[in-house]
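J.: Pasting in a structure now, in structure tokens, and then I'll have a few things to ask.
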Amino acid sequence: MEPILLRARGNKDALSLEGARRLGAYTALQKALGRQPSKIVEEIKRSNLRGRGGAGFPTGLKWQFSSDIADDRKYMICNANESEPGTFKDREIIRCNPHLLLEGIAIAAYAVGAHDAAIYVRGEFRDEADVLERAVAEAYAEGILGSSVLSSPYRLDLFVHRGAGAYVCGDETALLNSMEGKRGQPRVRPPFPAASGFLQTPTVVNNVETLSCVPSIIEHGALWFAKIGRPGNAGPKLYSVSGHVMHPGVYELPMGTPFSEIIYEHCGGLPGGRTLKAFSPGGASTPLLPHDKVEIPADFDSVAAAGSMLGSGGLIVMDDSACMVDVAKNCLEFMSRESCGMCSPCRIGTKVLLDLLSDICEGRGRPESLSTLEVLAAHVQQISMCGLGQTAPVILLSALRHFRSEYEEHIAHGGCAVCRKEQ
Amino acid sequence: MANQRSVTLDINGKRVTALTGETLLSVLRREGISVPTLCYDERLAPHGGCRMCLVARRDGGQGLVASCYTPVQRGMVIETDTEDVMAARRRQLQLLILDHRMECPVCERSGDCRLQDLVYEYGIEEAPLSFSRPTGLHDTASAVIARDNEKCVLCAKCVRLCSEVQGIDAIGIFDRGLTTHVSTAGNRPLDCEFCGQCVHACPVGALVAKPFVSDVPVWLRESTATTCSYCSCGCLLRMESYEGEIQRVTPLLDGSPNNGKLCAKGWLGWDITTHPERLKHPMIRKDRQLVEAGWEEALEVTIAGLRRAQERNRAITGLATPRLTNEDAYLFQRLFRSVFGSPHVGAGSAPGISALVDGVRPAYGITRSTASFKDLASADAVMVLCADPTRTHPLIKTELVQGIMQRGQKLLLAHALSGGLQRQATIYLPLHPGTEETLVLGLAHVLVRKLHGRRDGAPQPVGFAEFRKGLEQHSPRAVGSITGLQPDEIRAAAGLLASVDNVVVVVLTGSGIPGDEAAVARRGCELLSLLGCVDGPGRGILVMGEKANTQGVVEVGLHPALLPGSRLVANDDDRAACEAVWKTSIPALTGWNSEKMLQAAAGGKVGFFYLVGQDPVGDWRSGSLAREALERADFVIVQDAFLTASTQFADVVLPAAILSERIGHFIAADGMPRELQRTDRPPGSILQDGQIFLELAGRCGAAVSSGPALREEMRRLVRDPRGVSPQPKLSPPGALPEPRVMNPFFLDLSPQLFHSGSTTMRSALLKEFAPPVSVLLSPRDADAIGISDGAMVRLTVGDNQILLRGHIDASMREGTIATLPQSLKAHARVFEDITDEMCWVCVEAV
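Just so you know, the sequences run in chain order F and Z.
Count the first sequence with my numbering and you get residues 673 to 1095, in order.
Count the second sequence with my numbering and you get residues 186 to 1031, in order.
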């Protein structure tokens, strides 16, 4: 497949507006401005584009909710708070083709009837925020943003908001709080952002990769897009691969490429002839899949059927040198540190899980520790308020399901074969 | 809520009807189903943090949902006490106590702790886990509130109340993960209004009021509900005492007008009753000295003084504070009119009385506010005149903050003072001191043109044509030049008022700023007449008296022109109605007002001057006239809790019960009755004011009823003030006043956050963290004058100078300095008289 989202990778020209235009930037926007907004929403619906932030919600449907609301103060917000462990694909788009993202945002805003847009950039993405700010300034200077987008009567203002570095701000309501200058913690839902989001106005929040798909859909049509990938799981997909592979990195492939193909063909397999043990298909908040699931297609529905989630497409590969107690502990360490602290199951629960895992790792595990882990992990998953807490224990739970014997070994012998080998 | 539809859902197998927009929790509680919560507070937006209110949703496969923010939906199937719900709650509690420093046996809140109750109810034991709880921040720096973050369950009620109700944002939530905690910016010592809302709402022992730390467990304390005696908001509170000593003060929550809120004064200002200088026994003057005496002797001397005045045919005058209860105030005027036979009785120049009697009455024909606190809450727009409620009437302030934050209410704030609600106001009109009346007429000028005098359907008020004519010269430009406002600001304010349906005008009295409160109240009423907002839900005038029972004393006739039930002394029928009940004739003359009383006394015409809780020499603006008056009056009797500037002229001093030592009733500014219950017994041989009046009446041989008979008598004469409808009338405005010449600084003498006057200044507690004697000035002015925080400044007022310590306060407006009149008076005899002219002063470094 010819790259679409990463077509400008390696081409420094694309960073300037002039260079990006030579690569075709903003022709889709020009085309979109000549059509009814509702037709664009229809086009996106027909394309089967699904949100690339993790949940896979149909983008056209999300836009439909928003365009149905009659309100002249709407916001289109791009979620660039890419913080999921193992996920670094949005960063790649921003780094190599910022104007593609701006164009996508502009088309989306036009489609839902928003005249104000923002990009919420993860605090640690300093260089990327610089890139975006330069691109936005150029777009304003050239009349792509502002009171008359590409000389049309349509006004669109856009600003870049730099986050302060919080994983939880990837949750759209926490993101909105943060943008409003409040503490980055999720809001109770309802109301949902579509009805009352940024500054209580109807707001659409879309992921960087999702919005970057939009120009090509307008350019080539929904059918073209829908034909890439698999039915219901259309389009190009960026897989950011990390862990035990020869060539970690970001790969743009048709959605539904089997994990085996990604790992063994594109990433050059595992180093040193080691064998695959498990992989997390979409970052630290998607359940682990054992090695025998490696042949399934990497798309939303297939991964869900296998008991996990495609998530953000942040594929983490683990070979037989990975201790599964340690993996879960590492994950919980991250989650308990990034918990916003607002709701108690997440704030306290993740830390209790972490302490239990530390005990097991360090040889202080007790026979009843496993059932305590399971009960508590399920509790945190079920009753936490937002996605962070609800997914924080999923790596642990899946590790317990697929690799329970390693936990038992740890408890019985103070360590597992893997740990002992390392010593 | 608009467009609410009725839906039915299934709760524990029972069909229940609810309205869309309601939360599950409110429906469950209405159905009498107990649902545990730690972070829910009906005054706040739902938070969803504690996850205790979980219930099981059996339709739609959603599992456990938090009921506090889940809206009801048609066809929901809810179960509340199944094993999965109980297990989840038990696990939640187990997690919470892991992160809670369990020192229940010595915890201040033991026996009064929500977490303790729930742990007991759900039978939780400590989990056998090697969980490492981080050491939390323990902030004990402030004099009032201690915060122990190791006990905090992060319900965030304190933070949310501070923001959503108090409008202060003094505290916030910091950090993330397990080290998430409540603190101030930069971990600095708490520096706030010390309203205590955070402490009252804390479900555990994380926030503790240091002054109320007690070694008496809550279950041994006697708890009494009563009414605050400070301002006219009439907040209800609970006093916990043990062996006559106050252990803790908390606000009443459910159904009380203050809805769980108090201010620093109402929360902390109760140690006055145990002040060491408290008068405990009567005193009489012997050889020019006041010496202690028994009640018999003191009352005999008093009666002798009274007889002499009657024999010599000299005037008998009486002034009582509007802090008296209805019963006591009624007895005082009854004593004067029907026993002493004197018409000269009243509450003096107490702020608020004139606004009601000389302001609201000419405009509406009644002597009460037409708006209640409920109307204040439901108004679309509120205009606040003369002062900032943060300092004068803190409950009003919190109502406004809630209205603005939660309901998008519009606030139009017009006063010359600093700080307070400026940040929250929709339009802030910082006018020149004392120009409120002119501003309101300027607004009327614009409105008359805009609305053509009336709303659709509303009848044109009486006197409209003349009123309109008289307004011609009050153009925004002319009014702007007098008030110091831009003409466009005045037009914008009028536009805001015209754009909404329901307006409440609040007149705050007692701020001590120049100007005529009656004129402002009257014009405020007239503005509402023009807007068609005289009365009804979300509409009306609200006059906030300075002292607790300002409205009540007017209703019971403690006024030289008014008899009980707003009857007129000058009206024969009204007088006859009282005479019939009192079975005696009363003087037909309207009595003297307080100024005339003082002038008459200074002119040697008063034979017996009775002061009850009033200190005209020390407290009133015209101190020198009062001094002369008391010096020349033949016999002066002062009934008070302390020796005051006025008692030095007293022949007899009688010790009276105050604050929580009394029983009876008030009528708060909203026209609603409040009850006082005695919570502590006064020291020594102190009596309540009414008992003293009855003693005196008895010694005069008069039969004045007490107890149930008194209440019955009052029921016959004092009508429910809400029973009479306002009759709007407009009176033509006079000529525009001359613009004032401004000296460099405006001296703001209105109440401060923690001190309203002589009473609060006797509270050791309030004084401890807020020393009252100082001058506040803005950082920029301090810079310009060249002084640092705490340095001495010289104030030049007219020809007089005074040295005071200057404190820099970021909330002060430039060009304004603030102090309390008591501070000036305490410092120099030259400030005995405080006049409007004295509000303009020079300030320089020493």
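Virtual Cβ for every residue (Gly too), placed ideally from N, Cα, C.
Is the beta carbon of G869 (chain Z) closer than 7 Å to that of H466 (chain Z)?
T.: Taking 7 Å as the Cβ cut-off, H466 (chain Z) and G869 (chain Z) qualify as a contacting pair.
J.: Using a 10 Å radius around the Cβ and a threshold of 16 neighbouring Cβ atoms, would you call N372 (chain Z) buried or exposed?
T.: Looking at its Cβ environment, which holds fewer than 16 other Cβ atoms inside 10 Å, N372 (chain Z) is exposed.
J.: Using a Cβ-Cβ cut-off of 8 Å (strictly less than) and excluding sequence neighbours within five positions of Q591 (chain Z), which residues of its own chain qualify?
T.: The residues are A230 and E349.
J.: Between V304 (chain Z) and the rest of its own chain, which residues show a CB-CB distance below 8 Å, the 5 nearest in sequence each way excluded?
T.: Answer for V304 (chain Z): L278 and I282, listed in chain order.
J.: Looking at the C-beta of Q1054 (chain F), does it have a partner C-beta in chain Z at a distance below 7 Å?
T.: True, the Cβ-Cβ gap to chain Z drops below 7 Å.
J.: Residues of chain F with CB closer than 8 Å to the CB of R361 (chain Z), please, in chain order.
T.: Within 8 Å Cβ-Cβ: A838, V840, R1009, E1010, S1011, C1012 and G1013.
J.: What's the C-alpha gap between R370 (chain Z) and D360 (chain Z)?
T.: It is Ala, not Arg, that sits at residue 370 (chain Z) in the sequence shown. About 12 Å.
J.: Name the one or two DSSP bridge partners that E477 (chain Z) has.
T.: Answer is Z:M468.
J.: Restricting to Cα atoms, I'd like to know which of Z:P840, Z:P615, Z:S807 and Z:I852 is closest to L872 (chain Z).
T.: For L872 (chain Z), the nearest C-alpha among the options comes from Z:P840.
J.: Answer with yes or no whether the minimum CB distance from A355 (chain Z) to chain F is below 7 Å.
T.: Cβ-Cβ to chain F under 7 Å: no for A355 (chain Z).
J.: Distance check for R724 (chain Z) and S755 (chain F), CA to CA, integer angstroms please.
T.: Between S755 (chain F) and R724 (chain Z), the C-alpha separation is close to 52 Å.
J.: Just verifying my parser: in three-state terms, what is the DSSP assignment at T699 (chain F)?
T.: T699 (chain F): helix per DSSP, three-state reduction.
J.: Taking all protein chains shown into account, decide if P917 (chain Z) is buried (16 or more other Cβ within 10 angstroms of its Cβ) or exposed.
T.: Exposed, because fewer than 16 other Cβ atoms sit within 10 Å of the Cβ of P917 (chain Z).
J.: Taking the C-alpha atoms as reference points, what is the distance between K949 (chain F) and L1072 (chain F)?
T.: Using only the alpha carbons, I get a separation of about 14 Å.
J.: For P313 (chain Z), count the other beta carbons within 10 Å of its own beta carbon; 16 or more makes it buried, fewer makes it exposed. Which is it?
T.: By the 10 Å Cβ count, P313 (chain Z) comes out exposed.
J.: List, from N- to C-terminal side, the beta strand (DSSP E) runs of 3 residues or more that fit wholly inside the segment 381-407 of chain Z.
T.: The qualifying runs are 392-394.
J.: Distance check for G669 (chain Z) and F521 (chain Z), CA to CA, integer angstroms please.
T.: So the alpha carbons of these two residues sit roughly 46 Å apart.
J.: Taking one C-beta from the segment 1022-1039 of chain F and one from the segment 970-985 of chain F each time, how about it: are there three or more such pairs within less than 8 Å?
T.: The segment 1022-1039 of chain F, when compared against the segment 970-985 of chain F, does not touch it at the 8 Å Cβ threshold.
J.: Looking only at its own chain, which residues have a Cβ that is under 6 Å from the Cβ of V837 (chain Z), when we skip the five neighbours before and after it?
T.: For V837 (chain Z), where only same-chain residues beyond five positions count, the Cβ hits under 6 Å are I469, A483, V486, T487 and I822.
J.: Does chain Z have any CB closer than 7 Å to the CB of G1061 (chain F)?
T.: So no, G1061 (chain F) is outside the interface.
J.: Just to confirm, are A778 (chain F) and D762 (chain F) a CB contact at a threshold of 7 Å?
T.: In this structure, D762 (chain F) does not lie closer than 7 Å to A778 (chain F) by Cβ.
J.: For V1032 (chain Z), name the three-state secondary structure that DSSP assigns.
T.: With chain Z covering 186 to 1031 only, the question about residue 1032 (chain Z) has no answer from this structure.
J.: Taking a Cβ distance cut-off of 9 Å, strictly less, list which residues of the segment 851-868 of chain F are near chain Z, in chain order.
T.: Per Cβ criterion, the list reads R855, G856, Q857, P858, R859, V860, R861 and P862.
J.: Drop a sphere of 10 angstroms on the beta-carbon of E1010 (chain F), count the other beta-carbons inside from all chains shown, and report buried for 16 or more, exposed for fewer.
T.: Classification for E1010 (chain F): buried.
J.: For chain F, is any of its Cβ atoms less than 7 Å away from the one on G638 (chain Z)?
T.: Note on G638 (chain Z): pLDDT 46, under 50, position unreliable in the model; no value is reported.
J.: Would you mind listing the alpha helix (DSSP H) stretches within the segment 758-799 of chain F that are 4+ residues and don't spill past its ends, in chain order?
T.: Listed in chain order, they are 761-768 and 770-784.
J.: Tell me which same chain residues have a C-beta within less than 7 Å of the C-beta of A601 (chain Z), skipping the five on either side of it?
T.: Result list for A601 (chain Z): P615, L616, H617, P618, I698 and F931, in chain order.
J.: Can you pull the chain Z neighbours of P770 (chain F), defined as C-beta to C-beta under 9 Å?
T.: Per Cβ cutoff of 9 Å: no residues; P770 (chain F) is ~30 Å from chain Z at best.
J.: What separation, rounded to the nearest whole angstrom, lies between the Cα atoms of R499 (chain Z) and R884 (chain Z)?
T.: Straight-line Cα distance between these residues: approximately 20 Å.
J.: I'd like the ranges of any alpha helix (DSSP H) spanning at least 4 consecutive residues and lying wholly in the segment 484-551 of chain Z.
T.: Correct list: 511-519 and 546-549.
J.: Could you name the residues of the same chain whose beta carbon sits closer than 6 Å to that of D994 (chain Z), not counting the 5 residues immediately before and after it, in chain order?
T.: Only L961 meet the Cβ criterion.
J.: Output the boundary residues of the beta strand (DSSP E) element that contains R859 (chain Z).
T.: Its beta strand (DSSP E) spans residues P858 to L861.
J.: What's the C-alpha gap between A686 (chain F) and A836 (chain F)?
T.: For A686 (chain F) and A836 (chain F), the distance between alpha carbons rounds to 28 Å.
J.: Can you name, in chain order, every residue of its own chain whose Cβ lies under 7 Å from the Cβ of Q189 (chain Z), other than the five neighbours on each side?
T.: Same-chain partners within the cutoff: L204, T205 and G206.
J.: Does G260 (chain Z) come within less than 7 Å of chain F when only Cβ atoms are used?
T.: No, G260 (chain Z) lies away from the interface with chain F (no Cβ there is under 7 Å from its Cβ).
J.: If we cut at 7 Å on Cβ distances, does H919 (chain F) have a partner in chain Z?
T.: So, not an interface residue.
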